[in-house]
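Before any comments, here is the structure.
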Amino acid sequence: MTETNTSGAGRPSLPMQGVPQPRRQDVLNLPRVHISSHPVMAQKVTALRDRNTQPPEFYRHVKEIGALLAYEATANLALEAVPIETPMGPMTGQRLAGGIGVTPVLRAGLGLAEGFREVIPDAQIWHLGLRRDEQTLQAIAYYNQLPHQVDLQVCYAVDPMLATGGSAIDAINVLKRRRIPRLCYVGIIAAPYGLLKLSQTHPDIDIYIAALDESLNDVGYILPGLGDAGDRQFGTY
Ligand code: PRP
Ligand code: URA
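Under this note's numbering, the residue at position 104 of the sequence shown is numbered 85, and the numbers go up by one with no gaps.
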């Protein structure tokens, strides 16, 4: 899934060292990629990046960004007519046509999923555990609570960090097996490398992010980024 460099012993050392990466401007106009321009979002992402932001505050900001991203990512959902009675009389209202699924990629996706639930309380939450092997940068699946009966109009895979793209690509692969009509990826910060890979591998999905950063460092962390999104949410440094 990702190109890796190996040391003499055959073990990857600096897996992104020497790997060509697209520049930020190369991926700014990819089809179906939506980069938020909301000023409140920008301020909250800055708070996340700040190394002095502690886990409780960090988690709160991730959750709030999740709610803002949910507004942006649900802006074109399908509606259906529903007859209701207001105190003044009958009318035809609207409701979402079909269920909404949210798949947090564990564990860092949990805060984002909470934000989605603030906006869409009856969304189904489908947990998916993927852990990135920090030597090879390959995503390893360890948990899957996806139902087999699917009645959704759309499912959002949510994960704050799109680095090499391995975890996001695998998450969408898993969801595609459920034959959901529409899939989206929602993240906070993307590196050009991972964004391009995800967009090329899954050109049929919409990608919503809050910020597009510069690059990956030699060990696959996003620059300038925010560090480890899971550790910073849950205090496991
Ligand atoms: C982080 C992040 C993504 C993945 C991104 O998770 O939340 O899932 O890395 O990297 P990639 O684009 O190179 O795959 P991590 O594996 O650190 O697990 P965690 O959520 O438990 O911290
Ligand atoms: N995962 C993170 O949490 N941060 C990064 O910068 C890359 C992967």
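Heads up, the beta-carbon is just placed ideally off N, CA and C, and yes, glycines get one too.
Residue i beta carbon near ligand 1 (any heavy atom closer than 7 Å)
i, result
"A149", "yes"
"A122", "no"
"L118", "yes"
"R213", "no"
"A94", "no"
"T55", "no"
"A192", "no"
"D140", "yes"
Opposing strand residues paired with residue i [DSSP bridges]
i, result
"Q105", "G82"
"A48", "None; A48 has no bridge partner."
"G92", "DSSP output for G92 lists no bridge partner at all."
"M69", "According to DSSP, which records beta bridges pairwise, M69 is partnered with nothing at all."
"D194", "BP columns for D194 are empty, so no partner."
Where residue i sits in the DSSP three-state scheme
i, result
"M(-3)", "coil"
"P173", "helix"
"T55", "coil"
"T182", "helix"
"Q6", "helix"
"A210", "helix"
"E115", "coil"
"G(-11)", "At G(-11), the pLDDT of 45 sits below 50, so the modelled position is not reliable; the number obtained from the coordinates is stated separately. Three-state result, G(-11): coil."
"L60", "strand"
"V200", "coil"
Cβ-Cβ separation, residue j to residue i (assumed contact under 8 Å), whole Å
i, j, result
"I81", "A56", "I81 to A56, Cβ: 13 Å. No contact."
"L77", "G201", "Their Cβ separation, rounded to whole angstroms, is 37 Å, which puts L77 and G201 out of contact at 8 Å."
"V131", "I161", "6 Å"
"L109", "V135", "Not a contact, Cβ separation roughly 16 Å."
"G168", "G96", "G168 to G96, Cβ: 12 Å. No contact."
Residue i beta carbon near ligand 2 (any heavy atom closer than 7 Å)
i, result
"I203", "yes"
"A89", "yes"
"M(-3)", "no"
"A23", "no"
Uninterrupted alpha helix (DSSP H) stretches inside the segment 10 to 41 (no shorter than 4 residues): 20 to 30
Length at least 4, wholly inside the segment 130 to 163: the alpha helix (DSSP H) runs in chain order: 147 to 157
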